[in-house]
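Last residue of the sequence shown: 380 (the working numbering), numbering continuous.
Beta carbons: idealized from backbone N, C-alpha and C, even for Gly.
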Amino acid sequence: MTTSLPAADRPTAADPSVAAKNLLDEVEAALLDRRELISDAQAYALADLAPVARNDDELLARMLDLAHRVRLAWCGDTVSLESILSTKTGGCPEDCAFCSQSSAFTTPVKPQPYLSRDEVVRAAADAQASGATEFCLVLAIKGPDDKAMAHILEAAAAIQDETELEVAVSAGLLTNEQARTIAAAGVVRYNHNLEAAESFFPTICTTHAWRERWDTCRSVKAAGMELCSGGILGLGETPRQRAELALSLRALEPTEVPVNFLNPRPGTPLQRAPLLTPREALHGVALFRLIVPFAMLRYAGGREVVLGDLQAAGILGGANGLIVGNYLTTLGRSTGEDLRMLRDLEVPVKALTGLL
Ligand code: SF4
């Protein structure tokens, strides 16, 4: 004899956990069985799971497991490590509310002059000696003026003359012509983050528009460079705005998507912003992976402070890259600790691939 639950006790699709399970089944079928991108509606529905995932261990575990399997299927099993070097720090005229390099705020980061050609070459040679294959010049500027362009072109030529490294650049907003000039100088990849959803961006920056960032990303692609573009989670945006950002990034077809978590910096308008909870951060990583399955998803700034001991969960929940060592204005944990974590997870590590 079979027994059945009284109708009132039977789970229905209106039950949030049943609806969530159905959604994850649909997303899995799209990404793994049919190898298709998910729809915008599915992306926003996944974002809507953020509050459920806060209390439902099983749901969060299922979403992270799916994101991990999608990463393996679309990107392979290796995790890549990169580190960052800034060749022009601080003194940026823009007012991005999270950034301690802005001259609009009084922060402990003091403007530094450009590194000289010799200093850049020395840093690049050190990077090459430690196994790097790529070197990224990072400049804290709105976009290059003539002086910055001259620095970029000189430094790129010097690195190519003196080392075997590929050159990447992160130097803010570009015109089409600047993008073409930088590409013609042999720069293979350009980093420019969208930072936040278009609907949220005016809340965190008043000195330039989200569209300018978008246009720069388009110029980078049109000039034939690889695009590295991501954002910061925990600026006060809603989970739906995280999905909006990830959908915009997906439309740009980036090679790499850095995912940062806000680590509130003293002196900035967001200095007292609450940290994301580890669960929200992990939900965010999985969300990005399910929306942008094809790109390298690189854990970047803020992971230590937001995730603490749970950083490994993101590597098993969709991320397949780490920025190691120190970030532009904050200290990271040691590369040795990250390597230990990856060894414990038995995740194959690509050699340190570059300075980003
Ligand atoms: S443009 Fe870049 S360096 Fe300048 S304030 Fe904004 S995030 Fe910071």
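What's the C-alpha gap between Glu143 and Val212?
21 Å
Could you name the residues whose beta carbon sits closer than 6 Å to any heavy atom belonging to the ligand SF4, keeping them in chain order?
Cys116, Glu118, Cys120, Cys123, Gln125, Ser126, Ala164, Lys166, Gly196
Using 10 angstroms around the beta-carbon of Tyr351, count the other beta-carbons present and answer buried if the total reaches 16, otherwise exposed.
Its pLDDT being 48, under 50, Tyr351 is placed unreliably in this model, and the coordinates cannot settle the point.
Verify the contact flag: Thr113, CB atom, against every heavy atom of the ligand ZN, threshold strictly below 7 Å.
Ligands in the displayed structure: the ligand SF4; the ligand ZN is not one of them.
Give a yes or no on whether the C-beta atoms belonging to Leu276 and Cys241 are separated by under 8 Å.
Contact: yes.
Check each candidate in Ala220, Phe318, Asp169 and name the one with the smallest Cα separation from Phe285.
Ala220
Within the same chain, show all residues whose beta-carbon is closer than 6 Å to that of Trp234, passing over the 5 residues directly before and after it, in chain order.
Glu222, Phe225
Are the CB atoms of Val316 and Ala270 nearer to each other than 8 Å?
For the pair Val316 and Ala270, the CB atoms are nearer than the 8 Å cut-off.
Could you check whether the stretch 84 to 101 touches the stretch 296 to 315, counting it as contact only if at least three pairs of C-beta atoms, one from each stretch, sit closer than 8 Å?
Three or more Cβ pairs drawn from the stretch 84 to 101 and the stretch 296 to 315 lie within less than 8 Å of each other, which places the two stretches in contact.
Please report the distance separating the alpha-carbon of Lys134 from that of Ala69.
43 Å
Pull up the DSSP beta-bridge partners for Leu198, would you.
Partner(s): none; Leu198 has no beta bridge.
Mind listing, in chain order, the continuous beta strand (DSSP E) runs of no fewer than 3 residues lying wholly within the stretch 172 to 235?
Runs of the beta strand (DSSP E) lying entirely within the stretch 172 to 235, each at least 3 residues long, are 190 to 194, 211 to 215 in chain order.
Cβ of Gly342 within 8 Å of Cβ of Leu366?
no
Do you know whose CA, among Leu197, Cys229, Thr131, Ala172, lies nearest Trp238's CA?
Leu197
Rank Ala336, Gly258, Val244 by C-alpha distance to the C-alpha of Arg296 and give the top, closest one.
Gly258
Just to confirm before moving on: does the CB-CB distance between Gly291 and Thr131 stay below 8 Å?
yes
Taking its Cβ as the centre, do 16 or more other Cβ atoms sit within 10 Å of Arg95, making it buried, or is it exposed?
buried
Among Arg274, Phe129, Ile183, which residue has its Cα nearest to the Cα of Gly114?
Phe129
What are the start and end residues of the alpha helix (DSSP H) that includes Pro263?
263 to 276
Tell me which residue opens and which closes the alpha helix (DSSP H) that Leu70 is part of.
64 to 71
Can you grab the Cα-Cα spacing for the pair Asn344 / His175, in whole Å?
Taking the straight line from one Cα to the other gives about 32 Å.
Please list the terminal residues of the continuous alpha helix (DSSP H) segment that includes Phe318.
Note, Phe318: premise wrong, no alpha helix (DSSP H); not H, not E.
Can you give me the start and stop residues for the alpha helix (DSSP H) that Glu143 sits inside?
141 to 153
What are the boundary residues of the beta strand (DSSP E) that Glu158 is part of?
It spans 158 to 163 - the beta strand (DSSP E) in which Glu158 sits, taken as one unbroken run.
Under three-state DSSP, which class holds Leu369?
coil
Can you grab the Cα-Cα spacing for the pair Val371 / Glu50, in whole Å?
28 Å
Under the assumption that Ala164 contacts Gln202 (Cβ atoms under 8 Å), give the Cβ distance between them as a whole number of angstroms.
So it is not a contact: roughly 17 Å between Cβ atoms.
Of the residues Leu273, Ser272, Gly260, which one's Cα is nearest the Cα of Pro288?
Gly260
Does DSSP put Gly114 in a helix, a strand or coil?
coil
Would you grab the beta carbon distance between Lys166 and His232 for me? Rounded to a whole angstrom, and I think it's under 8 Å.
7 Å
Closest to Gly100 by CA distance: which of Ala319, Leu331, Pro293 is it?
Ala319
Rounding to the nearest angstrom, what Cα-Cα distance links Asp368 and Gly332 in this structure?
16 Å
Can you grab the Cα-Cα spacing for the pair Ala324 / Cys160, in whole Å?
15 Å
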